[in-house]
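**Student:**
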Amino acid sequence: MEVSRVETVLRRVQEFDPVGVAARDLSECLRVQARIARVEDPLVLRIIGQHLDLLMKRDFRGLARLIGISIEQVSAAADVIASFEPRPGRQFATESPVYITPDIYVHKVGDEYHVTLNDDGMPRLRVSPAYREVLARRETEAKETRDYVRERLRSAVWIIKSINQRQRTIIKVMESIIRFQREFFDRGTHALRPLNLRDVAEDIGMHESTVSRVTTNKYVQTPHGIFELKFFFNSSIQTTDGDSIASESVKEKIREIIAAEDSYHPLSDQRIAELLGVRSIKIARRTVTKYREAMGILSSTTRKRFS
Numbered sequence: 006m007e008v009s010r011v012e013t014v015l016r017r018v019q020e021f022d023p024v025g026v027a028a029r030d031l032s033e034c035l036r037v038q039a040r041i042a043r044v045e046d047p048l049v050l051r052i053i054g055q056h057l058d059l060l061m062k063r064d065f066r067g068l069a070r071l072i073g074i075s076i077e078q079v080s081a082a083a084d085v086i087a088s089f090e091p092r093p094g095r096q097f098a099t100e101s102p103v104y105i106t107p108d109i110y111v112h113k114v115g116d117e118y119h120v121t122l123n124d125d126g127m128p129r130l131r132v133s134p135a136y137r138e139v140l141a142r143r144e145t146e147a148k149e150t151r152d153y154v155r156e157r158l159r160s161a162v163w164i165i166k167s168i169n170q171r172q173r174t175i176i177k178v179m180e181s182i183i184r185f186q187r188e189f190f191d192r193g194t195h196a197l198r199p200l201n202l203r204d205v206a207e208d209i210g211m212h213e214s215t216v217s218r219v220t221t222n223k224y225v226q227t228p229h230g231i232f233e234l235k236f237f238f239n240s241s242i243q244t245t246d247g248d249s250i251a252s253e254s255v256k257e258k259i260r261e262i263i264a265a266e267d268s269y270h271p272l273s274d275q276r277i278a279e280l281l282g283v284r285s286i287k288i289a290r291r292t293v294t295k296y297r298e299a300m301g302i303l304s305s306t307t308r309k310r311f312s
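Next comes the structure, spelled out in structure tokens:
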């Protein structure tokens, strides 16, 4: 088959729903959608065809200088391109969302918090009486049989006790976390305190490694949502008034500052550090950058809107 014939067929397929399917790259996908949407703005088409790398970096200034137009024109073209779907098949994805089932529930009753384990789907283990009956039949059962059953019975009892002990340990760890993080449970993330594994281990009289194992991949349902137990362990950041604050609380304050900023004049990391300083939180610009990136928040350059 001739190449021209294949290109014609491919062009027709790319116009099927969802528009842009079977495109060979991102640029072609967006060009097809622009054509079907009857977008004939030469600036939009030029950016799609030649400057997607700068657009994805949101380097509007660089684009404006390169093409010789105003930043406002670049911003307007970017808004048009943003209305297209870079992954046309996304709407038909069959992947089901993964829901987290908490291992622990924390309920507030009156002025106290109570911890309960999520036992849904957890069978109640017990040893069948039949094995004890075997051990009782000294006259009819061979000694080898009774010794074997006795050993298996001992193993079963040990497993049941170990499971029960682990459940009690989880509850003790959660109750300790509540004691240390009471203000979080009362007021929310911004009141989270610095905490490490050693603090909880010493509080409940267990080894630090035990606390680490118990809190790994375990989730708790709180009045403020579902959190991994590791969430409650935070490094400490000193404040200018001599107190300390949890790193997660600082992240939450950074998120609040950015959410309230003027999108046309976004705050630099240095300015955010200065605003935190006004709140008595002494933090370096590079730390703000690290926390911002950890939260998946773009830099001030890429957050800026031009129109």
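Note that the sequence shown covers residues 6 to 312 in the numbering used here.
Heads up, the beta-carbon is just placed ideally off N, CA and C, and yes, glycines get one too.
(1) Are there 16 or more other CB atoms within 10 angstroms of the CB of residue 39, so buried, or fewer, so exposed?
(2) Please confirm if the segment 225–235 is in contact with the segment 274–290, defined as three or more CB-CB distances below 8 Å between the two stretches.
(3) Report the three-state DSSP secondary structure of residue 44 (helix, strand or coil).
(4) Considering only the alpha carbon of each residue, which of 56, 179, 183, 70 lies closest to residue 221?
(5) Counting C-beta neighbours from all protein chains within 10 Å, is the total for residue 108 16 or more, i.e. buried, or is it exposed?
(6) Give the straight-line distance between the Cα atoms of residue 75 and residue 60, rounded to the nearest whole angstrom.
(7) Who are the Cβ neighbours of residue 52 in its own chain at under 6 Å, not counting the five residues just before and after it?
(8) Using DSSP's beta-bridge definition, name the partner residues of residue 94.
(9) Quick check: the segment 195–205 against the segment 237–251, are at least 3 beta-carbon pairs closer than 8 Å?
(10) Please classify residue 186: is it buried, with 16 or more other beta-carbons within 10 angstroms of its beta-carbon, or exposed?
(11) Buried or exposed, going by whether 16 or more other CB atoms sit within 10 Å of the CB of residue 62?
(12) So, does the segment 9–18 touch the segment 64–80, judging by three or more C-beta pairs under 8 Å?
(13) So for residue 71, helix, strand or coil by DSSP?
(14) Taking the beta carbon of residue 166 as the centre, do at least 16 other beta carbons fall within 10 Å, making it buried, or is it exposed?
(15) Can you tell me where the beta strand (DSSP E) holding residue 120 begins and where it ends?
(16) Would you list, in sequence order, the uninterrupted beta strand (DSSP E) runs of no fewer than 3 residues that lie entirely inside the segment 120–176?
**Tutor:** To lay it out plainly:
(1) buried
(2) no
(3) coil
(4) 179
(5) buried
(6) 15 Å
(7) 60, 82
(8) Bridge partners of residue 94: none, in fact.
(9) yes
(10) buried
(11) exposed
(12) no
(13) helix
(14) exposed
(15) 117–122
(16) none
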